[in-house]
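*Asks:*
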Amino acid sequence: MKLALLMSCLIAGPGLDQRARWEQWVELDLHRAVLAEAETALTSSARDPELLALAARAAAASGDLEQAKRWLSSAEGPAIEIERARLHLAGDRIDEALALLLADGEPPRPRHPEHADSWILAGRALARAGELQRARPLLEEMIERSPHDDEAPAALHLLAKAAIARGDLGSARELRDRATRSARWRAFFDARRRQVLERPNEALPRFGIAALWMEADEAAKAREILDALLVDSPDFARAHALRGDAARALGDLEISLAAWSRALELDGDLHAARLNRAILLVIRENFSAAKEDLEVLVDLEEARAEPLLQAHLLLATVLEALGDTDGARAARARHEALKRG
354 MKLALLMSCL
364 IAGPGLDQRA
374 RWEQWVELDL
384 HRAVLAEAET
394 ALTSSARDPE
404 LLALAARAAA
414 ASGDLEQAKR
424 WLSSAEGPAI
434 EIERARLHLA
444 GDRIDEALAL
454 LLADGEPPRP
464 RHPEHADSWI
474 LAGRALARAG
484 ELQRARPLLE
494 EMIERSPHDD
504 EAPAALHLLA
514 KAAIARGDLG
524 SARELRDRAT
534 RSARWRAFFD
544 ARRRQVLERP
554 NEALPRFGIA
564 ALWMEADEAA
574 KAREILDALL
584 VDSPDFARAH
594 ALRGDAARAL
604 GDLEISLAAW
614 SRALELDGDL
624 HAARLNRAIL
634 LVIRENFSAA
644 KEDLEVLVDL
654 EEARAEPLLQ
664 AHLLLATVLE
674 ALGDTDGARA
684 ARARHEALKR
694 G
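In my numbering, the protein residues as written are 354 to 694.
See the structure below:
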């Protein structure tokens, strides 16, 4: 599925265009919601092939293969061809699926590379035809193009099987681990998206989505969601703190500083935000302001272990810069004592 459309679902909430809404429902296995809208949306003579393909996929997943075939026979286009191929695969008609999915020539390439699903479906069809090694470049490019796609765990699993088949057990283990992590991330991601659909006015599910994007090193996507979230919930302290983290990852340190400061105004117990602000203040050589934050942190019970343990060393650096050599020595000694346990 197309990530840009899914992002618009999460940012815009319930006011989605029909295609984006159906894309999300299909990914979340809410097939009956698609079919309920399709009964009226697909009655006009000017039928959108993308909508027909999504409705057909929902119908097939709900067990109504005849309706799926009827919708797929009423239009043409890349999305229609891909869904026809999906039906062929489900019916073990591998050759027919490959004919729809693969362009002519070698190495194998999808006929419609702009559609993320065409990569995994072509790779899966080749794998089921006993051609795992031919499937490999398709699956690898699919992961490169769409590392967080709902089919990414399946692609990684097939790549692990291909590695085993060629005797590369080290790569197979790594790929299996990646598949497990990808599946775990995706399960949390989809759970949060369901919560957003069920409770669109609540801030916490949207915050959870942003946190997952940060975990996936997608700071720009996280910040986009947080920017929209904070318009609706301007006093959500943890959202400001995470926005500061996202801005730092994007190199926007002014926004980071402002976001962490706002978070701490709202909730002074956000210790990670205070540590992050102190680090940035040290980098900027604003030692007096950094000292205030660090002195708060080093008195906490949590500062006896990482990640807050480093506050003691930072305080030593700051005190030294301010000319307090005795204080710096004491801060370093305390750090060493705590580190030894």
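Even for Gly, the Cβ is constructed at its ideal location relative to N, Cα and C. No experiment lies behind these values; they were computed from the predicted model shown.
Give me the residue from His688, Ala581, Ser641 and Leu492 with the minimum Cα distance to Glu655.
*Replies:* The shortest C-alpha separation from Glu655 is found at His688.
*Asks:* Would you call the region 554 to 565 and the region 370 to 387 in contact, with 3 or more CB pairs under 8 Å?
*Replies:* The region 554 to 565 vs the region 370 to 387: no contact.
*Asks:* Would you kindly check if the distance between the Cβ of Arg596 and the Cβ of Arg627 is under 8 Å?
*Replies:* No, these two residues do not count as a Cβ contact at 8 Å.
*Asks:* Using DSSP bridges, identify the partner residues of Pro463.
*Replies:* For Pro463, which the question treats as bridged, DSSP gives the partners Leu455.
*Asks:* Consult DSSP for His688 and reduce its assignment to one of helix, strand or coil.
*Replies:* DSSP places His688 in helix when its eight states are reduced to three.
*Asks:* What do you get for Ile435, buried or exposed, if any count of 16 or more other CB atoms within 10 angstroms of its CB means buried?
*Replies:* Buried is the call here.
*Asks:* Taking 8 Å as the limit between beta carbons, can you name the residues of its chain near Leu395, skipping five residues before and five after?
*Replies:* So the list reads Leu404, Leu405, Ala408 and Trp424, once near-sequence residues are dropped.
*Asks:* Taking buried to mean at least 16 other C-beta atoms within 10 Å of its own C-beta, is Pro660 buried or exposed?
*Replies:* Answer is exposed; the Cβ neighbour count stays below 16.
*Asks:* Residues in the same chain with beta-carbon distance under 7 Å from Gly430, minus the five sequence neighbours each way, listed in chain order, please.
*Replies:* The residues are Pro402.
*Asks:* In chain order, what residues of the same chain lie with their CB nearer than 8 Å to the CB of Leu381, ignoring the 5 residues before and after it?
*Replies:* Result list for Leu381: Asp543, Arg546, Arg547 and Leu550, in chain order.
*Asks:* Here's a check: name, in chain order, each residue in its chain whose Cβ is nearer than 6 Å to the Cβ of Ala532, leaving out the five neighbours to either side.
*Replies:* These residues qualify, in order along the chain: Pro506, Leu509 and His510.
*Asks:* Consult DSSP for Leu619 and reduce its assignment to one of helix, strand or coil.
*Replies:* Leu619 falls in the helix class under three-state DSSP.
*Asks:* Expressed to the nearest angstrom, what Euclidean distance is found between the alpha-carbon atoms of Ala572 and Ala563?
*Replies:* So the alpha carbons of these two residues sit roughly 8 Å apart.
*Asks:* Fully enclosed by the region 599 to 675, which alpha helix (DSSP H) runs are 4 residues long or longer?
*Replies:* Those alpha helix (DSSP H) runs which fall completely within the region 599 to 675 and span 4+ residues are 606 to 619, 624 to 636, 640 to 651 and 663 to 674.
*Asks:* Select from Leu440, Gly676 and Ser426 the residue whose C-alpha is nearest the C-alpha of Ala414.
*Replies:* Ranking the options by Cα distance to Ala414, first place goes to Leu440.
*Asks:* Going by the beta-carbon positions, is the gap between Glu568 and Trp613 smaller than 8 Å?
*Replies:* Against a cut-off of 8 Å, the Cβ pair of Trp613 and Glu568 comes out as no contact.
*Asks:* Pull up the distance between the alpha-carbon of Ala421 and that of Ala616, whole angstroms please.
*Replies:* If you take the alpha carbons of Ala421 and Ala616, they lie about 50 Å apart.
*Asks:* Could you spell out the range, first to last residue, of the alpha helix (DSSP H) harbouring Pro553?
*Replies:* Here Pro553 belongs to no alpha helix (DSSP H), and DSSP marks it neither H nor E.
*Asks:* Hey, out of Glu648, Leu606, Leu666 and Gln663, whose CA is closest to Arg637's CA?
*Replies:* Out of Glu648, Leu606, Leu666 and Gln663, Leu606 has the C-alpha closest to the C-alpha of Arg637.
*Asks:* Within this structure, are the beta carbons of Pro460 and Ala475 separated by less than 8 Å?
*Replies:* Going by C-beta atoms, Pro460 is not nearer than 8 Å to Ala475.
*Asks:* Could you spell out the range, first to last residue, of the alpha helix (DSSP H) harbouring Thr396?
*Replies:* That residue, Thr396, is in no alpha helix (DSSP H); it is neither H nor E in DSSP.
*Asks:* Checking contacts by CB at 8 Å: is Gly520 closer than that to chain D?
*Replies:* The displayed structure is made up of one protein chain only, and chain D is not part of it.
*Asks:* Note down the Cα distance separating Arg477 from Gly604, rounded to an integer number of angstroms.
*Replies:* Going by the C-alpha atoms only, they are around 39 Å apart.
*Asks:* Would you kindly work out how many angstroms separate the C-alpha atoms of Glu493 and Gly694, rounded to a whole number?
*Replies:* Roughly 46 Å separates the two Cα atoms.
*Asks:* Should Glu454 and Ala438 be called a contact, given that it needs their Cβ atoms to be closer than 8 Å?
*Replies:* The sequence given here has Leu at residue 454, not Glu. The answer is yes: Cβ separation under 8 Å.
*Asks:* So, Asp598 versus Asn639, is the Cβ gap smaller than 8 Å?
*Replies:* No, they are not a contact pair.
*Asks:* Comparing C-alpha positions only, which one of Leu672, Arg552, Ala540 and Gln377 sits nearest to Leu731?
*Replies:* Since the first residue of the chain shown is 354 and the last is 694, residue 731 is not available in this structure.
*Asks:* Taking just the CA atoms, how far does His501 sit from His337?
*Replies:* Residue 337 falls outside the range modelled here, since the chain spans only 354 to 694, and no answer is possible.
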